[in-house]
Structure formats: structure tokens, C-alpha cells
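What follows is a set of notes on a single structure, which appears directly below.
Residue numbers (the working numbering), protein chains in the order written: chain H, 533 to 739; chain A, 533 to 739.
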């Protein structure tokens with residue numbers, strides 16, 4: 533890898549993607565962004581982080597057309613965002629923050645269509661983390677204190693929300709291999725093993 | 533990894549999957565099976581390897597029902613295969629040979645629904661190799677002496693045949709991440725890098 537690179541991690545709910553990203557960032561000594569982007573967006577916009585947290589990862593009205601045609605431009609404030617729903621405002625702000633970060637540092641970012649946002653950037657490694665439904669349900673119960681009786685439904689609902697969000701803003705299908713450089717199934721491996729796999733992968737790319 | 537393991541490689545046409553498998557087998561010092569399975573099947577059945585080569589990777593009539601319900605049993609010869617099309621005979625024989633090999637040695641096998649055939653076996657690492665269409669067309673032209681004007685069509689046709697073959701015999705969708713442990717995009721990496729990525733992956737699994 534070149535001296536500056538970005539790793540985007542897309543993950544199925546309960547697959548361990550967040551923990552893998554966090555541990556990998558620590559191992560590599562680079563920045564890590566997941567919910568952290570909301571705090572930055574909140575700070576930049578003056579909108580309460582609580583409001584943003586509530587809509588994070590949920591698609592709203594279609595920005596795709598205006599973004600793709602360049603009809604939509606945004607500045608440093610919300611002054612140009614008119615009456616856009618808060619979901620779309622958050623997407624635009626995160627989109628802008630991710631691009632700004634990409635100009636200046638090496639980092640790992642979780643979700644947020646970052647692979648799509650950075651599609652034209654060099655040195656972006658796009659990782660997809662997934663696992664079978666049983667192991668994801670098990671992990672979700674252990675990690676998020678979800679009622680076991682409703683865990684499967686919750687996992688499927690969370691994935692559906694992520695898929696909708698991704699296809700809504702990117703126009704592409706979430707979880708298709710074509711969008712990623714490396715896809716790792718965590719059904720039978722630990723967080724540490726997944727971290728090592730990506731770490732080794734980066735080393736091979738640097739060869 | 534335990535002392536005995538099997539690597540199945542499913543690959544999009546032109547993605548370099550065959551070469552990656554062959555080089556990895558050499559690096560690991562283990563057996564490699566691709567077209568080699570046809571020679572073994574021909575030897576066991578007494579049918580000409582040329583006839584088998586002609587139908588390799590093409591789905592024929594549905595065996596799925598009879599195989600899945602256990603109504604279909606096969607012996608060492610073709611005596612129990614009745615009037616099955618040669619495609620299905622080849623599938624059954626390869627299926628049987630792969631299972632026999634899995635009992636006694638460590639190897640890499642390319643295609644042939646091996647990931648599905650060995651779905652209940654322990655220590656099977658299922659790899660999917662893919663790349664974007666442009667890089668696959670380029671590789672196919674360089675490697676297979678395909679007419680550049682028709683290369684894209686040929687690549688897409690080959691993939692369609694593989695997808696049909698896989699879903700015909702396994703009842704599952706070819707190229708979906710869920711079927712694999714590790715998926716590697718070879719668009720921007722070399723054969724050697726892909727080999728090293730899988731090699732390192734196996735090492736991490738052995739930790």
C-alpha cells in the first residue's frame with residue numbers, strides 16, 4: 533500500500549464488522565470512524581447529535597439524481613440544504629466529511645456507503661464482512677442485549693435497512709461481491725482472525 | 533488448519549482462478565484438480581475423455597431431486613446410471629471422485645460445484661475469485677487466444693454456463709458470498725498476490 537490509504541468496511545449486522553474495524557485500526561495505528569462521523573457532522577452543522585443518531589443509516593428522499601448530476605452543491609453550513617430531510621442532510625455531511633478525511637489521513641470507515649462515496653479515489657480497500665444468520669443472531673444477542681426471541685427478526689431488519697440505505701444512495705446492490713476487494717465470512721472465525729486476514733491482505737498489496 | 537484440508541475455488545471466467553489454484557497448490561505442496569478430474573472419471577468409467585471434455589461444466593437433466601432425496605445411488609461402474617445424459621454421468625462421477633479424494637488427501641479443486649459437494653465436510657475452505665468485466669476480458673484474450681471482438685460476449689457466456697451448472701446441481705445461486713469463506717477481487721492484483729492472500733488466510737486459520 534502507499535503511505536496513505538483508506539479501508540472501507542461494509543458489514544452485515546452481527547457479523548463483527550465494527551469490532552474488526554476498530555481492532556484493525558488499533559493494530560495499524562490509524563483512525564477509525566463509525567458513529568464518530570455523526571459527532572463531526574453534528575459539530576459542523578449545529579444539529580444535535582441525538583437527532584442525527586436517530587436517522588443514521590436510514591434512507592430518506594432521493595438525493596441520488598441531484599448528487600449524480602451535480603445539481604446539488606453543499607457548503608460548510610446547512611444554508612444550502614433547503615428543506616431536505618435530516619437523513620439526507622446527514623448523508624451529505626458524512627459524504628463531505630469522508631471525502632475531506634480522505635484527502636488528509638489514513639483511516640478505516642464503517643458503513644455509510646463510504647465505498648461508493650470514495651469510488652474514484654485511489655488506494656481504497658473495500659472490505660465486506662458477512663456471516664451466516666445463526667452466528668449473526670448469536671453475536672447480536674451477546675453484543676447488543678437483544679431479546680433472543682426477537683433477535684433473528686432484528687438482525688434481518690437491520691440488514692434490510694442497510695441494504696435500502698446503500699442502494700438508495702449508491703444505486704447499487706448492497707452485499708454484491710463486485711462492490712468489494714475482499715469479502716470475509718466470519719461464521720467460523722474470530723474477530724482477531726478476521727483482523728489478521730485483512731492485515732495480511734494489506735501487506736500483500738504492499739509487496 | 534488441521535493436517536488434512538481441502539480448498540475449493542469457484543471462479544469467474546477470466547478472473548485467474550485456475551492459475552491461482554495451480555500456483556497455490558504448488559506453494560503448499562498439495563494436489564490440484566481441475567480438468568484432471570475428467571481423466572480420472574474417464575478412466576473409472578471407460579468413457580472417452582474427449583466426450584467428457586465436451587460436456588464438462590454444462591448442466592443436463594435434473595439430478596438434483598434424486599440426489600437430494602437419496603433415491604439415486606451409484607456404484608463403481610456406470611451399470612446403475614441407466615440412460616442418464618453424459619453430463620449428468622460426469623457430474624456424478626466427479627462428485628464421487630471428489631468425495632473419495634476428500635477422505636484421503638489435502639488438495640485444491642477448481643469449480644465442479646465442489647464447495648456444494650463437500651458442504652458437510654470439515655476443513656473445507658471455500659474461495660471465490662472474481663474481477664470486473666474489463667479485466668476478465670483482457671485476461672481471457674491474453675490467456676485463451678479469444679478473438680478480442682467477441683471476447684466480452686465469450687466471457688459472459690462462460691460465466692452464464694458456470695452459473696447455470698452450479699444452480700442446476702446445487703440449487704443455490706453461483707457467486708453469492710454466503711456460499712464462500714473468502715472472496716477475492718483480482719481486478720487490481722496479480723496471480724501471485726492472490727496466491728499469497730489465500731496462503732496467509734490459511735495460516736491465520738491455523739493460528
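Just so you know, even glycine gets a beta-carbon here, dropped at the ideal spot from N, CA and C.
Check, Outcome
"When DSSP labels each residue in this structure, what does residue 705 of chain A get in the three-state scheme?", "coil"
"On the premise that residue 618 of chain H lies in contact with residue 583 of chain H, defined as a C-beta separation below 8 Å, what is that separation, rounded to the nearest angstrom?", "6 Å"
"What is the residue span of the beta strand (DSSP E) that residue 543 of chain H lies within?", "538 to 543"
"If I measure Cβ to Cβ from residue 549 of chain H and keep anything under 7 Å in the same chain, skipping five residues before and after, which residues do I get?", "541, 543, 642 and 661"
"Less than 7 Å between C-beta atoms, sequence neighbours within five positions excluded: which residues of the same chain meet that for residue 711 of chain H?", "647, 658 and 704"
"Among H/538, H/668, H/589 and H/721, which residue has its Cα nearest to the Cα of residue 701 of chain H?", "H/589"
"Taking the alpha carbon of residue 637 of chain A as the reference point, which residue from A/574, A/690, A/565 and A/685 has its own alpha carbon closest?", "A/565"
"Could you tell me which of A/547, A/556, A/677 and A/581 sits nearest to residue 567 of chain A, measuring between CA atoms?", "A/581"
"Quick check: residue 626 of chain A and residue 573 of chain A, are their CB atoms within less than 8 Å of each other?", "yes"
"Can you find the residues in the same chain that come closer than 6 Å, C-beta to C-beta, to residue 601 of chain A, ignoring five residues on each side of it along the sequence?", "Reliability fails at residue 601 of chain A, whose pLDDT of 43 lies under 50, so the model's placement of it is uncertain and the value that follows must be treated cautiously. Excluding residues within five positions, none has a Cβ falling inside 6 Å."
"Taking 8 Å as the CB-CB limit, is residue 645 of chain H close to chain A?", "no"
"How about residue 732 of chain H and residue 732 of chain A: do their beta carbons lie closer than 8 Å?", "yes"
"For the stretch 650 to 706 of chain H, list the alpha helix (DSSP H) runs that are entirely contained and at least 4 residues long, ordered along the chain.", "665 to 676 and 680 to 702"
"Which first and last residues belong to the beta strand (DSSP E) in which residue 642 of chain A is found?", "639 to 642"
"Suppose you measure from the CA of residue 726 of chain H to the CA of residue 671 of chain A; what does that come to, to the nearest Å?", "30 Å"
"Check whether the Cβ atoms of residue 650 of chain H and residue 665 of chain H sit closer than 8 Å, and answer yes or no.", "no"
"Nearest to residue 635 of chain A by CA position, among A/652, A/620 and A/624, is which residue?", "A/652"
"For residue 720 of chain A, which three-state DSSP category applies?", "coil"
"Hey, residue 730 of chain A and residue 616 of chain A are a contact pair by Cβ (cut 8 Å); roughly how many whole angstroms apart?", "35 Å between Cβ atoms; not a contact."
"Should residue 714 of chain H and residue 717 of chain A be called a contact, given that it needs their Cβ atoms to be closer than 8 Å?", "yes"
"When we look at the beta-carbon of residue 668 of chain A and count the other beta-carbons within 10 Å, is it buried (16 or more) or exposed?", "buried"
"What's the C-alpha gap between residue 742 of chain A and residue 628 of chain H?", "With chain A represented from 533 up to 739, any question about residue 742 of chain A goes unanswered, as that position is not in the structure."
"Would you kindly report the start and end of the unbroken beta strand (DSSP E) that includes residue 563 of chain H?", "563 to 565"
"Counting only beta-carbon atoms, is residue 700 of chain A nearer than 8 Å to chain H?", "no"
"So with Cβ pairs under 8 Å, would you call residue 712 of chain H a contact of chain A?", "yes"
"At the level of alpha carbons, what is the spacing between residue 562 of chain A and residue 554 of chain A?", "10 Å"
"Note down, in chain order, every chain H residue with its Cβ under 7 Å from the Cβ of residue 716 of chain A.", "714"
"For residue 714 of chain H, which of helix, strand or coil comes out of DSSP?", "strand"
"Name, please, each residue of chain H whose Cβ falls closer than 7 Å to the Cβ of residue 736 of chain A.", "725, 728, 729 and 732"
"How about residue 709 of chain A: is its C-beta nearer than 8 Å to some C-beta of chain H?", "yes"
"Give the straight-line distance between the Cα atoms of residue 728 of chain A and residue 552 of chain A, rounded to the nearest whole angstrom.", "9 Å"
"So which residues of chain A does residue 660 of chain H contact, with C-beta pairs closer than 9 Å?", "709 and 715"
"Could you pull the start and end residues of the alpha helix (DSSP H) that residue 588 of chain A belongs to?", "From DSSP, residue 588 of chain A is part of no alpha helix (DSSP H); its letter is neither H nor E."
"State buried or exposed for residue 683 of chain H, treating a residue as buried only when at least 16 other CB atoms are found within 10 Å of its CB.", "buried"
"Find out if the Cβ-Cβ distance for the pair residue 539 of chain A, residue 624 of chain A is shorter than 8 Å.", "no"
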